[in-house]
Amino acid sequence: PKFKKWEQNAITVAGGNRKGQQLNQLNYPYGIFIDKNKNIFIADFDNHRIVEWKYNANQGQIIA
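Start counting the sequence shown at 3; every next residue gets the next number (our numbering).
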């Protein structure tokens with residue numbers, strides 16, 4: 003099978019800022035989902051929330 007090598011061009015939008023409740027902080031992230039539109043959803047377990055980052059967004063939003 004062929005494998006296509008892809009360029010890594012990621013940026014950190016959350017995490018790396020210690021535990022906390024700000025939108026750029028997570029506290030025991032438990033699950034992640036990326037939808038067909040490349041939006042990212044993270045279950046932030048100890049903050050009791052689901053955070054969404056829309057594709058190419060600079061900041062997330064709490065959706066649950």
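Quick reminder that beta carbons are idealized off the backbone N, C-alpha and C, glycines included.
Excluding sequence positions up to five away, which residues of its chain have a Cβ less than 7 angstroms from the Cβ of residue i?
i   : result
R20 : Q27
K40 : Y57
Residues bridged to residue i by DSSP?
i   : result
A45 : G33, I52
If you count every other CB in all the chains shown that lies within 10 Å of the CB of residue i, and 16 or more means buried, which is it?
i   : result
W55 : buried
N60 : exposed
G1  : Residue 1 lies beyond the stretch modelled for the chain, which goes from 3 to 66, so this question has no answer here.
Quick one: measure Cβ to Cβ for residue i and residue j, integer angstroms, because I've assumed they're closer than 8 angstroms.
i   : j   : result
I52 : A66 : 4 angstroms
Q10 : N49 : Rounded, the Cβ-Cβ distance is 28 angstroms, inconsistent with contact.
For residue i, which residues of its own chain have a beta-carbon under 8 angstroms away from its beta-carbon, when the five flanking residues on both sides are left out?
i   : result
D37 : F43
Less than 6 angstroms between C-beta atoms, sequence neighbours within five positions excluded: which residues of the same chain meet that for residue i?
i   : result
L25 : Q61, G62
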